[in-house]
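Read through the structure below, which is laid out as structure tokens, and then see the notes.
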Amino acid sequence: METHIKKVLNNIEECSPGQEEFYQAVHEVLYSLVPLLEEDEKYDIHNILERITVPERTIIFRVNWIDDNGKIQTNLGYRVQFNSAIGPYKGGLRFHPSVNLGIIKFLGFEQIFKNALTGLQIGGAKGGSNFDPKGKSDNEIMRFCQALMSELYKHIGERNDVPAGDIGVGAREIGYLFGQYKKLTGEFEGVLTGKAINWGGSHARKEATGYGSVYFADNILNKYDKSLEGKICTVSGSGNVAIYTIEKLYDMGALPVTCSDSKGTIYHEKGIDLNSLKAIKEINHQSLEVYAQVNPDCIYTPLSHYPEGRHMAWDIPCDIAFPSATENELNLEDAKRLVANGCMLVNEGANMPTTPEAMAYLKENNVFFGPGKAANAGGVTTSQLEMSQNASMAKWTFEEVDDKLRQIMRNIFNTAYETSKEFGCEGDLIAGANIAGFRKVADSMIDQGSV
Ligand code: NDP
Ligand code: 2IT
């Protein structure tokens, strides 16, 4: 089996040179599937590994937009429609200068299994652009979104492919994208999720990824007769996922003491001030330096003061760490520091934030681990709840959506846990999540023939 996996990975390396993050994501998933692949040869007979690692469709396009000086600027737009075996393509759009095909493919590949794990009928996709929203005016953001949608609209639709937000794409960008889609097609339809409440959005979508991540951590702790009450938590990031992780941690009686952005990290021993965090990052899109100015009792460490590739949040003693910013932000050195400081759980709010070496070290040292494709699935779950409400013209209350989210996060935990038990690695939620997600999609691909 390992020879077969190596062959598939070698082929990916040859066909997609330079796509390190994609290769990393595929490597993790394929090796964790060994017990399933050895138990049932149908996946081999139907060449599932070869098929599932290739996107059904990859769309790359030029996005020309006009800046405030009247100059035409050019970026690249992407949509990778990875797998539609169990439902319409679903997954976010990321606007960040680091975006390239390898990043979008890794995110799209992860999304296939995450979406399957939710138990809902949604396929996997991801998209975005190397556009950098930082320092752009509101009008520039609007013109960029309109320009991107002028091509993207041809490839998406409420029963075909439903994008949402991710890094750099929140309610404002979804609004501009939706407006342009409606203008071009003449259709008012649920083609995007993360919409504002007034025009088809769902209550609790904004909060869903962060809340879901905390619910998932709570499920892990409860399994081992522990709880979040009184736990010191370190959180990275200060965007959508981090903010609502911090909010829910307070609700559950825990104490979040850190947050970070691309310029630096805040350590606030008495607990992060949620109101100032929201005002600075969510409303005014400022840097955390401003948080340090209005909260003089916190410690602010600029990233430039820190060794390359290290993240100060992971140096702060904690019970639980919630990496919630970006990929590969928690490395082996960080994992060693977390273990030395007695951290009991790493729960991934971001997609693939923990490097493979860090993951291995945490496992060796019996640190509980909530893998991203399970722990951060609350966002896409609530996106699907938004699609359900759009399709049936219903409007659920915040409490109704939050209850469903909490229940689905419990189901995701149980599925990952029970699957790990079934395959002889009880409690290994990485293997459990990967096998459960893969099995559902792969079996559906087999049912549907050689399409
Ligand atoms: P946001 O854009 O709202 O926030 C991202 C945060 O991470 C910001 O604080 C940003 O800093 C920081 N950040 C981003 N890239 C880097 C980088 N390269 N180095 C250092 N800091 C960085 O994004 P989200 O909160 O939505 O997403 C965070 C993570 O969660 C991503 O991995 C995303 O894929 C994942 N995710 C998001 C979901 C969602 O529903 N939004 C669902 C599931 C997963 P700054 O403020 O300086 O830009
Ligand atoms: O990574 C993710 O799951 C997201 N960015 C959310 C995707 C969605 O369709 O809501």
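In the working numbering, the protein residues as written are 12 to 462.
Using N, Cα and C, we set each Cβ at its ideal position, and we do this for glycine too.
Please read these numbers as outputs of a predicted model, since none were measured by experiment.
Use the C-beta contact count for residue i: other C-beta atoms within 10 angstroms, 16 or more gives buried, fewer gives exposed.
i	result
Tyr235	exposed
Gly146	exposed
Pro267	buried
Val462	exposed
Ala402	exposed
Arg170	exposed
Glu429	exposed
Glu184	buried
Met323	buried
Met420	buried
Ala303	buried
Asn86	buried
Cys26	exposed
Thr269	buried
Phe379	buried
Gly29	exposed
Phe199	exposed
Ser315	exposed
Ile291	buried
Using the Cα positions of residue i and residue j, report the straight-line distance between them to the nearest angstrom.
i	j	result
Gly264	Cys329	15 Å
Gly320	Ser273	12 Å
Pro364	Leu41	18 Å
Gly113	Glu31	7 Å
Glu258	Ile457	43 Å
Ala444	Ile59	18 Å
Gly381	Phe227	7 Å
Ile310	Phe33	36 Å
Glu61	Arg154	40 Å
Gly197	Gly448	36 Å
Gly241	Glu293	27 Å
His279	Asp308	7 Å
His166	Ile115	16 Å
Asp55	Asn425	27 Å
Ile71	Val305	43 Å
Pro11	Gly460	The question about residue 11 has no answer here: the residues shown for the chain are numbered 12 through 462.
Glu466	Met12	Here the chain has residues from 12 to 462 only, and residue 466 is not among them.
Gly275	Glu49	46 Å
Trp210	Asn295	23 Å
Leu188	Gly353	45 Å
Leu131	Pro99	11 Å
Val37	Ser109	20 Å
Cys156	Ser287	29 Å
Asp229	Leu195	44 Å
Gly297	Ile283	The question names Gly, but residue 297 is Gln in the sequence shown. Using only the alpha carbons, I get a separation of about 16 Å.
Ile97	Ala386	21 Å
Ser148	Ile277	27 Å
Please go through the same chain and pick out, in chain order, the residues whose beta-carbon is closer than 7 Å to the beta-carbon of residue i, but skip the five residues on each side of it.
i	result
Ala158	Val74, Asn75 and Trp76
Glu67	Gln92, Phe93, Asn94 and Ser95
Asn126	Lys101, Ile133, Gly134, Gly135 and Val391
Leu396	Ser213, Val412 and Lys415
Asn150	Asp79
Thr204	Val173, Ala175, Arg216, Ser394, Glu397 and Met398
Phe434	Pro46, Leu47, Ala442 and Ile446
State the CB to CB distance for the pair residue i and residue j, rounded to an integer number of angstroms; the pair is presumed to be in contact (CB under 8 Å).
i	j	result
Glu368	Pro334	So it is not a contact: roughly 15 Å between Cβ atoms.
Leu285	Tyr261	7 Å
Lys137	Leu118	4 Å
Gly201	Val173	7 Å
Leu341	Thr312	So it is not a contact: roughly 16 Å between Cβ atoms.
Gly139	Leu104	5 Å
Ala442	Ser161	That pair is no contact at about 43 Å.
Ala2	Ala388	The structure shown has nothing for residue 2, since the chain only spans 12 to 462.
Lys384	Leu128	7 Å
Gly190	Ala207	No, Gly190 and Ala207 are not in contact; Cβ-Cβ is about 11 Å, not under 8 Å.
Val452	Ile63	7 Å
Met355	Ile327	Going by Cβ atoms, the distance from Met355 to Ile327 rounds to 15 Å, so no, they are not a contact pair.
Using C-beta distances below 6 Å, list every residue in its chain close to residue i, excluding the 5 sequence neighbours before and after it, in chain order.
i	result
Ile16	Leu41
Ala346	Ala369, Tyr372 and Leu373
His107	Ile178 and Gly179
Tyr317	Met323
Val350	Asn376
Lys281	none
Asn141	Asn86, Leu87, Pro108 and Val110
His57	Ile457
Please work out which residues of its chain come closer than 8 Å, Cβ to Cβ, to residue i, disregarding the five sequence neighbours upstream and downstream, and give them in chain order.
i	result
Leu239	Val225, Ala228, Asp229, Leu232, Leu260, Met263, Gly264, Ala265 and Ile331
Validate contact between the stretch 211-222 and the stretch 240-259 using beta carbons, cut 8 Å, 3 pairs: At 8 Å Cβ cutoff, the stretches touch.
Touching by the beta-carbon criterion (3+ pairs, under 8 Å), the stretch 404-416 and the stretch 15-25: As far as the Cβ criterion goes, the stretch 404-416 does not touch the stretch 15-25, which means the pair count is below three.
Can at least three beta-carbon pairs, one atom from the stretch 240-250 and one from the stretch 428-441, be found at a separation below 8 Å? Pairwise C-beta distances place the stretch 240-250 out of contact with the stretch 428-441, as fewer than three of them are shorter than 8 Å.
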